[in-house]
Every structure is written in C-alpha cells, then in structure tokens.
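**Student:** Right, I'll just put the structure down here and ask away after.
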Amino acid sequence: MKKDIHPQYNPVVFVDMTTGARFVTRSTKSSDKKEVIDGVEHSVISSGITSDSHPFFTGQKQFVDTEGRIDKFQKRFGAVRRVGKPKIG
C-alpha cells in the first residue's frame, strides 16, 4: 500500500441537535470540539437530523424548516394561481 494517501480515520461522536441523541463511531471528519468517552478522545460533530429525529425512521410527521425556505416560497408564489389547464395546439 502507498503511504499517506488515505485520510485520517478518527473516533467521533455525532450529536443530533434536535433530540440530543449521541452516536459514537469512527469517521474521516473531525472537529475542534473534543470529548473523552471511555478514555478515548472523540471529535464532537453536530448534525441537524439523524435516524433518531428523521420522520421516516420515527414514524412521526415533523418538519423542521431551519432556513425558512417554505416561507420564502409562499411569499414569492403563494398568490399565483393557475386559471385552468393549458391548451395544447
């Protein structure tokens, strides 16, 4: 194997920002925020949505619109209504 071509593989903990659930694993991602778990230093990475909070896995219909994209769309196109089907030919 060639030396120094593979990314560094580090222990990390992914934290769900919505529920606070923690997933301890290994990843090539890292962060400046560190936490010691069982004597091993892990990088802490915040995640907006994980299997603990995603509606597909939880069975709940919840939607978190953190960037306000739905409101922007409604402001721009909410008043536009289609009168009828377009005529072909």
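Per the numbering used here, the sequence shown runs over residues -18 to 70.
C-beta: ideal position from N, C-alpha, C; glycine also.
1) Taking a contact to mean a Cβ-Cβ separation below 8 angstroms, would you say F58 touches T31 in this structure?
2) Comparing alpha-carbon positions, which option in S34, D52, D13 lies nearest V25?
3) What are the boundary residues of the alpha helix (DSSP H) that includes I51?
4) Residues in its own chain within less than 7 angstroms of T0 by CB, not counting five upstream and five downstream?
5) Let's see if you can read the secondary structure: which residues bound the beta strand (DSSP E) around I18?
6) Count the other C-beta atoms from every protein chain shown that fall within 10 angstroms of the C-beta of V17, then say buried if there are 16 or more, exposed otherwise.
7) Where does F(-5) land, buried or exposed, given buried means 16+ other C-beta within 10 angstroms?
8) Just curious, the beta strand (DSSP E) that S28 is in, first and last residue?
**Tutor:** According to the data block:
1) Walking along the sequence shown from the start, residue 58 turns up at place 77. Walking along the sequence shown from the start, residue 31 turns up at place 50. Cβ atoms of F58 and T31: not closer than 8 angstroms.
2) Taking the sequence shown and counting its residues from 1, the one referred to as residue 25 is at position 44. The residue with the shortest Cα to Cα distance from V25 is D13.
3) Position 70 of the sequence shown, counted from the first residue, corresponds to residue 51. Per DSSP, I51 belongs to the alpha helix (DSSP H) from 50 to 58.
4) As a first step, residue 0 is located in the sequence shown; it is residue number 19 there, counting from the start. Closer than 7 angstroms at the Cβ level, and outside the excluded window around T0, lie D33, S34.
5) Residue mapping note: residue 18 aligns to position 37 of the sequence shown, counting from 1. Here the beta strand (DSSP E) through I18 covers 15 to 18.
6) Looking up residue 17 in the sequence shown gives position 36. So V17 counts as exposed.
7) Numbered from 1 along the sequence shown, position 14 holds the residue referred to as residue -5. Counting Cβ neighbours within 10 Å, F(-5) comes out buried, since at least 16 surround it.
8) Numbered from 1 along the sequence shown, position 47 holds the residue referred to as residue 28. Going by DSSP, S28 is part of the beta strand (DSSP E) stretching over 21 to 28.
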